[in-house]
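Numbering (the working numbering), first residue to last: 1408 to 1750.
One structure below.
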Ligand SMILES: [Fe+2]
């Protein structure tokens, strides 16, 4: 995997850009910040521009890349939160969230979901005690099965970016690029056909609904959003697993939440072959504080190894954002031109 290690000078440049921005904005969710993030990102170091441009344009075989070496002040970021619910005031990690957003702006536009983490754009990936055994980013004891992020949704992001703030037990993030799979012509034929169903993952379910919402006047829209999700559960659309170029396909896969038509053995077997190959190509990457993992969500699946959470404020803590290359394709599901939340 390609890696860019920031020099001390580059980290200082980034810090000075962000220290100006944190004086002007209380949150990365402020409209003016989001509308201008590509402008602010122009000041980022040239090497960061080139590195992420290559990642975006060349679609290299790793399907992921890493920027590391940004200094994180373990004291200043405060304790790892116990939950993502009910955030108030200015985030103690505003600086880090802004850097994440600016890096993301070099790949596309930040988007979020009304049904995830109270409609926030920057998610906390932290162990939550009540979710210990769940297939969630906030689980811990169970292996988080590898998946395409938000695979069930047609408006899922093109990229997923994870920033590590803390990972004291060296918990590995797992990932694999579909480019490395070798399938037969018959398997390719089947996987390119709409013979699969993907249920929404648990992070979007009403069981994980928050108490407040980042957009306070959007209650009706949120209800409609949950109604849409219910339809996706009750009457899911049949989807292909592979799409794009047959010679180097894109993938949309979340085995834990997938089914085929009853009795479609051919489809099951083709999926099984793909799953086994991806499984054989899984890499593990231990993210360290100050590193950013960029995942191409069209080509690379990701997951997490099980671990024992501490729940004492020192747990593994990542920040997560979703990036789309084309904001317009979700316009019908966003309440305004500048809204980044998909309902
Ligand atoms: Fe994920």
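Positions of the beta carbon are idealized from the N, C-alpha and C atoms, including for glycine.
Cutoff 8 Å: residue i Cβ touching any chain C Cβ
i	result
residue 1709	The displayed structure is made up of one protein chain only, and chain C is not part of it.
Beta-bridge pairing of residue i - partner residues as DSSP gives them
i	result
residue 1520	1749
residue 1724	1573
residue 1650	1657
residue 1691	1581
residue 1711	1551, 1580
residue 1729	1518, 1567
residue 1665	1605
residue 1702	1471, 1567
residue 1410	1473
residue 1532	1725
Integer-rounded CB distance, given that residue j should sit under 8 Å from residue i
i	j	result
residue 1742	residue 1628	6 Å
residue 1504	residue 1435	5 Å
residue 1601	residue 1645	4 Å
residue 1534	residue 1716	4 Å
residue 1509	residue 1444	6 Å
residue 1446	residue 1577	Incorrect: roughly 37 Å between the Cβ atoms, too far for contact.
Cβ-based neighbour list, residue i, same chain, cut-off 7 Å, excluding 5 preceding and 5 following
i	result
residue 1485	1499
residue 1676	none
8 Å Cβ cutoff met for residue i and residue j
i	j	result
residue 1731	residue 1437	no
residue 1599	residue 1643	no
residue 1580	residue 1709	yes
residue 1545	residue 1532	yes
residue 1529	residue 1543	no
residue 1668	residue 1559	no
residue 1680	residue 1594	yes
residue 1470	residue 1409	no
residue 1725	residue 1570	yes
residue 1428	residue 1747	no
residue 1524	residue 1589	no
residue 1718	residue 1657	no
residue 1605	residue 1665	yes
residue 1714	residue 1610	no
Sequence-distant residues of its chain with Cβ nearer than 6 Å to residue i (five each side left out)
i	result
residue 1557	1563
residue 1477	1413, 1418, 1697
residue 1511	1517, 1568, 1728, 1730
Residues near residue i by beta carbon distance below 8 Å, same chain, minus five either side
i	result
residue 1671	1602
residue 1433	1497, 1501
residue 1527	1436, 1491, 1494, 1519, 1621
residue 1721	1486, 1487, 1573, 1575
residue 1475	1410, 1411, 1412, 1413, 1695, 1697, 1698, 1699
residue 1462	1409, 1472, 1514, 1701, 1703
Quiz item: Quick one: any contact between the region 1698–1713 and the region 1549–1568, if contact means 3 or more CB pairs under 8 Å?
Solution: yes
Practice problem: Flag this pair as touching only if the region 1656–1664 and the region 1540–1559 have three or more C-beta atom pairs under 8 Å; answer yes or no. | Solution: Yes, since at least three Cβ pairs between the region 1656–1664 and the region 1540–1559 fall closer than 8 Å, the two stretches touch.
Quiz prompt | Meets three-Cβ-pair contact criterion under 8 Å: the region 1580–1598 and the region 1528–1539 | solution = no
Quiz item: Quick check: the region 1508–1524 against the region 1725–1740, are there 3 or more CB pairs under 8 Å?
Solution: yes
Quiz item: Do the region 1418–1430 and the region 1449–1468 touch if we need at least three Cβ pairs shorter than 8 Å?
Solution: yes
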